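*Asks:* Dropping a structure here in structure tokens format, bear with me for questions.
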Amino acid sequence: MSESMTSNISPKGRFPFKLKIEPRLKSPSGWFSSMLSFLAVVLALLVGAGIIAAAGGEPWRAYAHIARSSFGSVGVFSDTMVKAIPLMLTGLACTVAFRMRLWNIGAEGQFFLGAWGASLVVLAPILPEETPQWIFIIVMSIVGIAMGAIYGFIPGFLKAKLNVNEIISTLMLNYIAVEWNNYFIYDKWSEGGFQMSKVFPRNAWLPRLADYAKEIPEFRGLTVHFGLVFAIIAAVVVWLILYKSQWGYEIRLIGDNPKAAEYAGIPIARNIILVMSLSGALAGLAGMSEITGVVHRLQGHISPGYGFTAIIIAWLAKLNPFAVLLVSVLFGALILAGREIQPSGVPTMIQGVIMVFLIASDFFMRYRIYFARRKEE
Amino acid sequence: MEMVSTMDQENEVRECRNVVCMRGIVKHFPGVLANDHVDFELREGEVHALLGENGAGKSTLMNILAGLYRQDEGLIEVNGKEVKFNSPRDAIAAGIGMVHQHFMLVPSQSVTENILLGLSEPRFRLNLPHYDAVVAQMAEEYGLHVDPRAKIWQLSVGEQQRVELLKMLYRGAEILIMDEPTAVLAPSEIDDLFVTLRAMTQKGKSITFISHKLHEVMAISNRVTVLRKGKVTSSGINIADTSRAGLANLMVGREVVFRVDKNEQEPGDVILSVDNIHAENNKGLKALNGITLNVRAGEIVGLAGVAGNGQRELADVITGLRKASEGQVIIGGEDITNLSPKAGIRKGVSHIPEDRTHVGTAPNLSVTDNVIMKNYTEEPIGKGWMVNDTAATKYARELKKAFDIIVPNVHTSVRLLSGGNLQKVILAREISKKPELLIAMQPTRGLDVGAIEGVQRLLLLQREAGSAVLLVSEELEELLSLSDRIYVIYEGEIMGEVADGDIEKIGLMMTGMQMEDIRLQGEKSNE
Ligand SMILES: Nc1ncnc2c1ncn2[C@@H]1O[C@H](COP(=O)(O)OP(=O)(O)OP(=O)(O)O)[C@@H](O)[C@H]1O
Ligand SMILES: [Mg+2]
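Structure representation (structure tokens):
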């Protein structure tokens, strides 16, 4: 019976060593994990290079091109940031929920509702077209955040009161959100038969750096918009909540041991609802900033899956709000590069490979792998 | 130098004729030397007790033997051959199995499924009924009574322990390590366990047994090794050559008083009054059947009874963790029946829960985060909407010092603490709040004799300071020496109340006899 206990990967006999995989007994040190992530990215790039070469391309030129098209100049870097903003906000949304081990994978849907809420202000209309810009921004933010929050509240409430699994409910709600938007762009707010609304009035656009090109010529053509300020403020707020506040302490405690939290007199149901609402609010803000900062009208395809990428970002950032900002910039760059050299599909491939390697590196964090001499057995 | 020492070791190695020989084991953890050149030998067919203070390094040493940790220095031999374990798998392959202080079972699966878990034997299709029978037969053989088809969550702690034992036996363990197995058991279950242990040694299995209860060590073991601050203070002495007091002295390095003295004191107002409480347990069965009792300020009231007769449910109802279906809980004159735990905490209720890992602490959070669990909103730790980190750390450091919690620093996750030190974290948090009412469930469980003395003193101090204390314990000795009065609970009902410490009456009531019946019998026999 005892022989059956050891895991054995290599075929028996010929090879004098065998590969053994064991769970790590203690978590490795901090530098190890950073090193590993770094190594994973480097390896991924090497593997990507191999693939490009095999496909008959020139890997280093492709990489140089990607780097140039996302970081090469102030102009493209500004575009990278534009892609990163929604990722930052949805990444923060996931961070908040994941801290309490609430698996909100509905940031995508909450993003759509935030976008819809912002559009509502212009298209319902709640405010007349000639309203001053600052009032527009404030009201659109509030409505966008509120819609996202409501859309987070629903699965939160279902979980708190009826113990409905939030993974399933948030996932389902994503589809409903997309259809909800479609209903409005196909029917209610359809502009001249196209599946999109009319363009928002200029007053309802978030300010971009380019808007100040007259005063500061260097800003000409820079598309990065006020949403970046939202994202940075949100990161600070999330950090304050999670690491400094009493509420953050409650969130951590519930995340680690709900029974202990209950015992300490912390209302769990209420916190589930609050955290899901906050998470939804952040994703809603992402939708609002995207629609008012970039798209300027309600239409389909406003997200290439920001809300899903956000899950990976939150996870890679180890739920640290500031790390979320950095990781988002990286992913923003990859998304942008993907658009730049679309036909080759290289950036998408690289993104995939990096992802696989990062996930694999997590495996190394948890397990140790080593060769054991057969003789040792 | 080196040459000589290896030669020495080799000589010793050749002499060793035990099933297990551990030589010069050293294990460092960040900030602690948990094992400092420890030697340990286990003979075939013996029960070898491992004694020592909380944090002395007992669990660490056994975790090394079970392949869970790797020693920094030293060597291990099993059956005369040197072994290097990289994981518990390797250890079990060498015939060594460990039952931990905290169980490692999957609650939603059945007993048999848990036993088979991780084995490569039933490969694709699981013929459960067949394995149920195998498990049942093995259980029979060793007197480990448990239903193979029951789900783990339905089992009592004692039954879960039997599952852990069966798991190891099924994997062919010849050497069993049990880390404080009796800490979680009721007295009758302890007797059952000892029967099992004897059955196992008769079949040639060798057992290492960690316990803080000296009378158990005296009762079951053949030899004993004592650790103190990571070092061996006495190695493999025969149990016949020693005494309880002698062992205690070896453990803590000073004389231990086994009795604490309490002063005479008039109790004050009624603080806790429980009136006709009915409630269900986790399985939805009736657990409390009309409990009525009260506790006054400045008195310790004991609740005696075999575990599982409703003590836990009663504590839960009083602290707001469980709903009562009928009846009233009044604390400090205010009806708090079925309010949230927060209501109780506000009324000054402290609660030392029975289950310290699942209820009492958050394992991955730091010592600081764990001690501020109930006052993080209060000045100076709570400041406005924030937690004042500096104040929290200072508070944690104070408690660490006052309660002698052995941990490198207060930022360490409590999951890394030794069992007794974890208990001290809970005690520190609950007692330092100067509670109006203290519900103490098994407060000394898992503590070493020295620490028990300290905790009992603390409980008496609470009493002197005017707190009302409800002490739930299975240790009659402890109940008798601390309590002013004792209620006895049996199957969710109070059998009666004893104020004179009549041990015989308590014993009878614990088996389900009503106070009235005892009195009637007494009168009859007097006539
Ligand atoms: N994984 C770990 N990481 C860091 N420190 C640890 C770890 N495991 C144990 N320790 C520390 O090593 C020391 C010895 O711990 P150990 O668990 O062996 O004590 P013990 O003798 O079993 O005590 P108890 O009777 O309280 O269970 C303690 O100070 C403990 O905090
Ligand atoms: Mg221990």
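Chains as they are written, first to last, in my numbering: chain A, 1 to 377; chain B, 1001 to 1527. In this text, a Cβ means the ideal position worked out from N, Cα and C, and glycines have one as well. Model, not experiment: these values are computed from the prediction.
#1: DSSP three-state label for Ser1234/B, please.
#2: Taking C-beta pairs closer than 7 Å, name the residues in chain B that Ala97/A reaches, listed in chain order.
#3: Within 10 angstroms of the Cβ of Ser328/A, are there 16 or more other Cβ atoms? Answer buried if so, exposed if not.
#4: Is Ala260/A close to chain B, meaning its C-beta is less than 8 Å from at least one C-beta of that chain?
#5: Find the nearest neighbour of Glu1354/B within the set Arg1223/B, Val1134/B, Val1329/B and Ala1315/B, judged by alpha-carbon distance.
#6: Three-state secondary structure (DSSP) at Lys1151/B?
#7: Out of Gly1172/B, Ala1186/B, Trp1153/B and Val1047/B, point me to the one whose CA is closest to Lys1511/B's CA.
#8: Is any non-hydrogen atom of ligand 2 found closer than 7 Å to the C-beta of Gly1419/B, if you look at the structure I gave you?
#9: From this set, His296/A, Val353/A and Trp247/A, which residue's C-alpha is nearest Ile272/A's C-alpha?
#10: Does the region 349-364 of chain A come close enough to the region 31-40 of chain A to have 3 or more Cβ pairs within less than 8 Å?
#11: Can you pull the chain B residues whose beta carbon is under 8 Å from the beta carbon of Ser245/A, in chain order?
#12: So is the beta-carbon of Phe322/A under 7 Å away from any non-hydrogen atom of ligand 1?
#13: Starting from the C-beta of Gly293/A, find all residues in its chain whose C-beta is less than 8 Å away, skip the five residues before and the five after it, and write them out in chain order.
#14: With DSSP as the reference, label Phe1040/B as helix, strand or coil.
#15: Are the region 1365-1372 of chain B and the region 1390-1404 of chain B in contact at 8 Å, needing three or more beta carbon pairs?
#16: So what does DSSP say about Asp1008/B, is it helix, strand or coil?
#17: If Leu1413/B sits next to Asn1364/B, beta carbons under 8 Å apart, how far is it from one beta carbon to the other, in whole angstroms?
#18: Can you look up Glu1523/B in the DSSP assignment and give me helix, strand or coil?
#19: Val1270/B and Ile1291/B - do their beta-carbons sit closer together than 8 Å?
#20: Relative to ligand 2, is the shortest distance from any of its heavy atoms to the C-beta of Gln1101/B smaller than 7 Å?
#21: Given a cut-off of 8 Å on the beta-carbon distance, is the pair Leu253/A and Ala1324/B in contact?
#22: Does Lys1374/B come out as helix, strand or coil in the three-state DSSP assignment?
#23: Is Thr1393/B near ligand 1, going by C-beta to nearest heavy atom under 7 Å?
#24: Go ahead and pull the three-state DSSP assignment for Glu3/A.
#25: Ala1396/B CB to nearest chain A CB: under 8 Å?
#26: Is the Cβ-Cβ distance between Gly1158/B and Thr1196/B less than 8 Å?
#27: Would you kindly report the start and end of the unbroken alpha helix (DSSP H) that includes Val1301/B?
#28: Between Gly1320/B and Ala1297/B, which are expected to be in contact by the criterion C-beta below 8 Å, what is the C-beta distance as a whole number of angstroms?
#29: Cβ of Leu162/A less than 8 Å from any chain B Cβ?
#30: For Leu228/A, verify whether its CB is less than 7 Å away from any heavy atom of ligand 1.
#31: So, Gly106/A versus Gly284/A, is the Cβ gap smaller than 8 Å?
#32: Give a yes or no on whether the C-beta atoms belonging to Leu1438/B and Gln1462/B are separated by under 8 Å.
#33: Inspect the beta-carbon positions of Val1252/B and Leu1288/B and report whether they are closer than 8 Å.
#34: Can you give the beta carbon distance from Gly1332/B to Glu1464/B, rounded, assuming they're within the 8 Å contact cut?
#35: What residues are listed by DSSP as bridge partners for Asn1035/B?
#36: Measuring alpha carbon to alpha carbon, tell me which residue in Leu1128/B, Tyr1170/B, Asn1114/B and Leu1116/B is nearest Glu1140/B.
*Replies:* In terms of the structure at hand:
#1: One-based indexing of the second sequence puts residue 1234/B at position 234. Reduced to three states, the DSSP call for Ser1234/B is strand.
#2: Along the first sequence, read from residue 1 onward, the residue named residue 97/A stands at position 97. By Cβ distance, chain B contributes nothing, its closest Cβ being about 18 Å from Ala97/A, past 7 Å.
#3: Here residue 328/A refers to the residue found at position 328 when the first sequence is read from its first residue. So Ser328/A counts as buried.
#4: Here residue 260/A refers to the residue found at position 260 when the first sequence is read from its first residue. Closer than 8 Å: yes.
#5: As a working note, residue 1354/B is residue 354 in the second sequence. The candidate whose alpha carbon is nearest that of Glu1354/B is Ala1315/B.
#6: Residue mapping note: residue 1151/B aligns to position 151 of the second sequence, counting from 1. In this structure, Lys1151/B counts as strand in the three-state DSSP scheme.
#7: Residue 1511/B sits at position 511 when you count from the first residue of the second sequence. Here residue 1511/B is Thr; the residue named in the question, Lys, does not match the sequence. Thr1511/B has its Cα closest to that of Ala1186/B, out of Gly1172/B, Ala1186/B, Trp1153/B and Val1047/B.
#8: Stepping through the second sequence from its first residue, residue 1419/B is reached at position 419. Yes, Cβ of Gly1419/B sits closer than 7 Å to a heavy atom of ligand 2.
#9: Against the first sequence, residue 272/A aligns to sequence position 272. It is Trp247/A.
#10: yes
#11: Working through the first sequence from its first residue, we reach residue 245/A at position 245. Those are Trp1385, Met1386 and Val1387, listed as they occur along chain B.
#12: The count along the first sequence starts at 1 and reaches residue 322/A at position 322. Of the heavy atoms belonging to ligand 1, none sits nearer than 7 Å to the Cβ of Phe322/A.
#13: Here residue 293/A refers to the residue found at position 293 when the first sequence is read from its first residue. So the qualifying residues of the chain are Val82, Ile85, Trp205, Leu206, Arg208, His225, Phe226 and Gly227.
#14: For the purposes of this step, residue 1040/B is taken as the residue at position 40 of the second sequence. Three-state result, Phe1040/B: strand.
#15: yes
#16: Within the second sequence, residue 1008/B is the residue found at index 8, counting from 1. Note that Asp1008/B scores a pLDDT of 44, beneath 50, so its modelled location is shaky; the value from the coordinates is reported in the next line. If DSSP states are grouped into helix, strand and coil, Asp1008/B belongs with the helices.
#17: The residue labelled residue 1413/B in the question sits at position 413 within the second sequence. The residue labelled residue 1364/B in the question sits at position 364 within the second sequence. This sequence places Ser at residue 1413/B; Leu is not what is there. Sure, about 5 Å apart at Cβ, within 8 Å.
#18: Residue mapping note: residue 1523/B aligns to position 523 of the second sequence, counting from 1. Note: Glu1523/B maps to helix in three-state DSSP.
#19: Taking the first residue of the second sequence as position 1, residue 1291/B is located at position 291. Taking the first residue of the second sequence as position 1, residue 1270/B is located at position 270. In this structure, Val1270/B does not lie closer than 8 Å to Ile1291/B by Cβ.
#20: What you label residue 1101/B is simply residue 101 of the second sequence in a count that begins at 1. Yes.
#21: Sequence index remark: in the first sequence, residue 253/A carries index 253 (1-based). Sequence index remark: in the second sequence, residue 1324/B carries index 324 (1-based). Their beta carbons are not under 8 Å apart, which means Leu253/A does not touch Ala1324/B by this criterion.
#22: As a position in the second sequence, residue 1374/B is number 374, starting the count at 1. Three-state DSSP puts Lys1374/B in coil, outside helix and strand.
#23: For the purposes of this step, residue 1393/B is taken as the residue at position 393 of the second sequence. Checking every heavy atom of ligand 1 against the Cβ of Thr1393/B, none is found closer than 7 Å.
#24: Indexing the first sequence from 1 puts residue 3/A at position 3. The predicted model places Glu3/A with a pLDDT of 37, which falls under 50 and marks its position as unreliable; any figure quoted below should be read in that light. Assigned with DSSP and collapsed to three states, Glu3/A falls in helix.
#25: Stepping through the second sequence from its first residue, residue 1396/B is reached at position 396. Output row for Ala1396/B: interface = no.
#26: Stepping through the second sequence from its first residue, residue 1158/B is reached at position 158. Stepping through the second sequence from its first residue, residue 1196/B is reached at position 196. No. Outside cutoff.
#27: Looking up residue 1301/B in the second sequence gives position 301. Val1301/B -> not in any alpha helix (DSSP H); beta strand (DSSP E) instead, spanning Glu1299 to Ala1304.
#28: Sequence index remark: in the second sequence, residue 1320/B carries index 320 (1-based). Sequence index remark: in the second sequence, residue 1297/B carries index 297 (1-based). That belief does not hold up - the Cβ atoms of Gly1320/B and Ala1297/B are roughly 21 Å apart, past 8 Å.
#29: Here the question's residue 162/A lines up with position 162 in the first sequence. Among the CB atoms of chain B, none fall inside 8 Å of the CB of Leu162/A.
#30: As a position in the first sequence, residue 228/A is number 228, starting the count at 1. Flag unset: Cβ of Leu228/A not near ligand 1.
#31: Residue 106/A sits at position 106 when you count from the first residue of the first sequence. Residue 284/A sits at position 284 when you count from the first residue of the first sequence. No, they are not a contact pair.
#32: Taking the second sequence and counting its residues from 1, the one referred to as residue 1438/B is at position 438. Taking the second sequence and counting its residues from 1, the one referred to as residue 1462/B is at position 462. It is a contact, given that the beta carbons lie within the stated cut-off.
#33: Counted from its first residue, the second sequence places residue 1252/B at position 252. Counted from its first residue, the second sequence places residue 1288/B at position 288. Their beta carbons are not under 8 Å apart, which means Val1252/B does not touch Leu1288/B by this criterion.
#34: In the second sequence, the residue the question calls residue 1332/B occupies position 332. In the second sequence, the residue the question calls residue 1464/B occupies position 464. Actually they do not touch by this definition, with Cβ atoms about 19 Å apart.
#35: Locating residue 1035/B in the second sequence gives position 35, where the first residue counts as 1. Answer is Lys1027/B, bridged to Asn1035/B.
#36: To locate residue 1140/B, count along the second sequence from 1; it is residue 140. Minimum Cα-Cα distance from Glu1140/B among the listed residues Leu1128/B, Tyr1170/B, Asn1114/B and Leu1116/B corresponds to Tyr1170/B.
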